[in-house]
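**Student:** This is the structure I have questions about; it appears just below.
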């Protein structure tokens, strides 16, 4: 049960000297009415009763305390601060927790030095082992960290994506395909204009294509959108597999689950639950699929985590004959990413080793801040770095994605000039950029007939002979798309039973800047007497046949 601030004073009313018995009874009645209204979630009505009570008795302490609770629920931080400061003026030494609460409110409003002073005032008045002492000391460190971030801003200039993407409704959770030509995002339809057509606000997916550097008018993903909410999506490198979040559905396993849909011949299949063990009886959301299609990062509140919401990773081993995903065992990303707080909105870049996410615990500007981390090895990450101010602010920032080139980032914000939550892009400064990624876009056909061929496609890192991407060219007329992180050399193979083996290699070890993608048409030769094939990725040591 929630503990209200006024409960700390056991409803002891401090009345102005000389107040009449009649006024005292009237004030008490008004306060009781305000409390009942508050418990019934009639917040504005509760404030009306409290204002009447304070008009009769301006030093009525519990009225200010209840006001503080109401303004906190309404996310009106400035008014909450005024209410707490009024209570402290009346009784500065009655309850020391008020200084801690004042510090939290100032921190949430971006006034870090004043917040630090409030936390210091709390620590001066309590024992070193007081219940909130450790949190107060940690909060002071966060305040000083935020002050440092403000003093050292990073380059940042955001651009609104325009009316073809943004509307009067809220738009958020952008997802960009690897070629940068398609965006999918979530729109809260009816968030600003409830009507007979949209009696309640509802989350749906919309998409738009980039033509001549202009985003075209967005359209809904009709085959995936339902009368329920859909949101927080991720799309595979080839644009054929979409994972997203949906809640309270009949086929749900927990309160919110991860669902998927596959695109075949331009049409999205009916979404299905991604199943266990990705989903559990707990809360799962905000998936991010790796570029090689082999790992899904997601957020969960399941047992075994480090705090509230944690980021997990689960390997996608393929699909069954019935088209359902086959999963490995989910793995928590560990202490290097997750904290006792909440970590949200993971985005694994196409380079496969740079993770962007949001946290309300790692030192930042307040609320959720965006952080990034590089992968050390298969099971460890470097300590996350705050992406900096003014990208982060005292408000919540999350849902950031970065394009394949590693240069442009996309995120949603309600910054001045937007109509609620709008989607923006900005050029990401160099230190926070991932490794640039190029890609191969190809089509596999029969050399004689020109008909599409369903073949196995594999990309191998020559440095460690490890297969980095496996795929097929079965859908979309034999087409496929694969990422190529720069700075490596790759062997590329295409195979199909009854056809000669196709091979190629890509020398990208010295490449540091994004290059034009490879567009291939692979003509497979059927096996026949006298047939020949050129092998382009068989490598020998000098002077050796090994």
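In my numbering, the protein residues as written are 332 to 877.
Don't be surprised by glycine CBs; every beta carbon is placed ideally from N, CA and C.
Values in this document were obtained by computation on a predicted structure and should not be read as measured data.
1. Taking the alpha helix (DSSP H) that residue 468 falls in, what are its first and last residues?
2. Since residue 683 and residue 622 should fall inside the 8 angstroms C-beta cutoff, what is the C-beta to C-beta distance between them, to a whole number of angstroms?
3. Quick check on DSSP: helix, strand or coil for residue 559?
4. Taking 7 angstroms as the threshold (C-beta atoms), are residue 767 and residue 786 in contact?
5. For residue 635, is the classification buried or exposed, using 16 other Cβ atoms within 10 angstroms of its Cβ as the cut-off for buried?
6. For my contact list, residue 889 and residue 608 are in at a C-beta cut-off of 8 angstroms; report their separation, rounded to the angstrom.
7. Tell me which residue opens and which closes the alpha helix (DSSP H) that residue 384 is part of.
8. Between which residues of its own chain and residue 791 is the CB-CB distance below 6 angstroms, once the five residues before and five after are set aside?
9. Near residue 405, which residues of its chain fall below 8 angstroms by C-beta distance, leaving aside the five closest residues on each side in sequence?
10. According to the neighbour-count rule (16 or more other Cβ atoms, all chains shown, within 10 Å of its Cβ), is residue 653 buried or exposed?
11. Assuming contact is defined by CB atoms lying nearer than 7 angstroms, are residue 383 and residue 397 in contact in what I supplied?
12. Alpha helix (DSSP H) containing residue 411: first to last residue?
13. Can you tell me the Cα-Cα spacing of residue 903 and residue 741, whole angstroms?
14. Do residue 811 and residue 773 have their C-beta atoms within less than 7 angstroms of each other?
15. Report yes if the CB atom of residue 598 is closer than 7 angstroms to the CB atom of residue 548, and no otherwise.
16. Between which two residues does the alpha helix (DSSP H) harbouring residue 451 extend?
17. Does DSSP put residue 399 in a helix, in a strand, or in coil?
18. Helix, strand or coil: how does DSSP classify residue 699 here?
19. Keeping to the same chain, check which residues put their C-beta closer than 6 angstroms to that of residue 689; ignore five residues upstream and five downstream.
20. Kindly indicate which three-state DSSP category residue 547 falls into: helix, strand or coil?
21. May I have the straight-line CA-CA distance separating residue 859 from residue 850, to the nearest angstrom?
22. Cα-Cα, which of 709, 855, 708, 473 is closest to residue 717?
23. Fully enclosed by the region 753–812, which beta strand (DSSP E) runs are 3 residues long or longer?
24. Taking contact to mean at least 3 C-beta pairs separated by less than 8 angstroms, is the region 418–438 in contact with the region 446–455?
25. What residues in its chain sit with their C-beta under 7 angstroms from that of residue 538, if we drop five residues either side in the sequence?
26. Among the residues of its own chain, which have a CB less than 7 angstroms from the CB of residue 560, if the five just before and after it don't count?
27. Quick one: residues in its chain with C-beta nearer than 7 angstroms to the C-beta of residue 617, no 5 flanking neighbours on either side, listed in chain order?
28. For the alpha helix (DSSP H) that contains residue 830, what are its first and last residues?
29. Within 10 angstroms of the Cβ of residue 558, are there 16 or more other Cβ atoms? Answer buried if so, exposed if not.
30. With DSSP as the reference, label residue 434 as helix, strand or coil.
31. In terms of residue numbering, what span does the beta strand (DSSP E) encompassing residue 648 cover?
32. Residue 544: which of 506, 852, 492 sits nearest, CA to CA?
33. Could you give the C-beta distance for residue 649 and residue 802, rounded to a whole number, given that I count them as a contact under 8 angstroms?
34. Could you give the distance in angstroms between the alpha-carbon of residue 817 and the alpha-carbon of residue 770?
35. Straight-line CA distance for residue 753 to residue 501?
36. For a test of the three-state rule: what should DSSP assign to residue 353, helix, strand or coil?
**Tutor:** So, from the listed chains and residues:
1. Residue 468 -> alpha helix (DSSP H) spans 464–482.
2. Confirmed, about 6 angstroms.
3. In this structure, residue 559 counts as coil in the three-state DSSP scheme.
4. The answer is no: Cβ separation not under 7 angstroms.
5. Residue 635 should be labelled exposed.
6. Lying before the first or after the last residue shown, residue 889 is absent from the chain, which here runs from 332 to 877.
7. If you look at residue 384, you'll find it in the alpha helix (DSSP H) that goes 374–387.
8. Same-chain partners within the cutoff: 798, 822.
9. Contacts found: 374.
10. By the neighbour-count rule (16 or more Cβ atoms within 10 Å), residue 653 is not buried but exposed.
11. In terms of Cβ geometry, residue 383 and residue 397 do not form a close pair [threshold 7 angstroms].
12. In this chain, the alpha helix (DSSP H) harbouring residue 411 covers 408–421.
13. Any property of residue 903 remains undetermined from this structure, which presents the chain solely from 332 to 877.
14. The Cβ-Cβ distance between residue 811 and residue 773 falls below 7 angstroms.
15. In this structure, the beta-carbon distance from residue 598 to residue 548 does not fall below 7 angstroms.
16. Annotation: the continuous alpha helix (DSSP H) that includes residue 451 extends over 443–456.
17. In the structure shown, residue 399 sits in a helix (DSSP, three-state: H, G or I).
18. Three-state DSSP puts residue 699 in coil, outside helix and strand.
19. Counting only Cβ-Cβ distances below 6 angstroms, and skipping sequence neighbours, we find 675, 676, 699, 701, 729.
20. Correct three-state label for residue 547: coil.
21. The straight-line gap from Cα to Cα measures roughly 28 angstroms.
22. Nearest to residue 717 by alpha-carbon distance, out of 709, 855, 708, 473, is 473.
23. Complete beta strand (DSSP E) runs here, min 3: 753–758, 768–777, 787–792, 797–803.
24. They touch, by the three-pair rule.
25. Its chain contains 513, 514, 515, 549, 550, 552 as the residues whose beta carbon lies nearer than 7 angstroms to that of residue 538, once the 5 sequence neighbours on both sides are disregarded; these appear in chain order.
26. So the list reads 533, 534, 577, 578, once near-sequence residues are dropped.
27. Non-local C-beta neighbours of residue 617 in its own chain, meaning closer than 7 angstroms and more than five positions away in sequence, comprise 563, 576, 629, 630, 675, 676, 677, ordered along the chain.
28. Where residue 830 is concerned, there is no enclosing alpha helix (DSSP H), given that its DSSP letter is neither H nor E.
29. Residue 558 sits exposed, since fewer than 16 C-beta atoms from the chains shown fall within 10 Å of its C-beta.
30. DSSP places residue 434 in helix when its eight states are reduced to three.
31. Unbroken beta strand (DSSP E) run through residue 648: 641–650.
32. For the residues 506, 852, 492, the minimum Cα distance to residue 544 belongs to 492.
33. Rounded to whole angstroms, the Cβ separation of residue 649 and residue 802 is 11 angstroms, and the two are not in contact under 8 angstroms.
34. So the two alpha carbons sit approximately 10 angstroms from each other.
35. The straight-line gap from Cα to Cα measures roughly 6 angstroms.
36. Residue 353 falls in the helix class under three-state DSSP.
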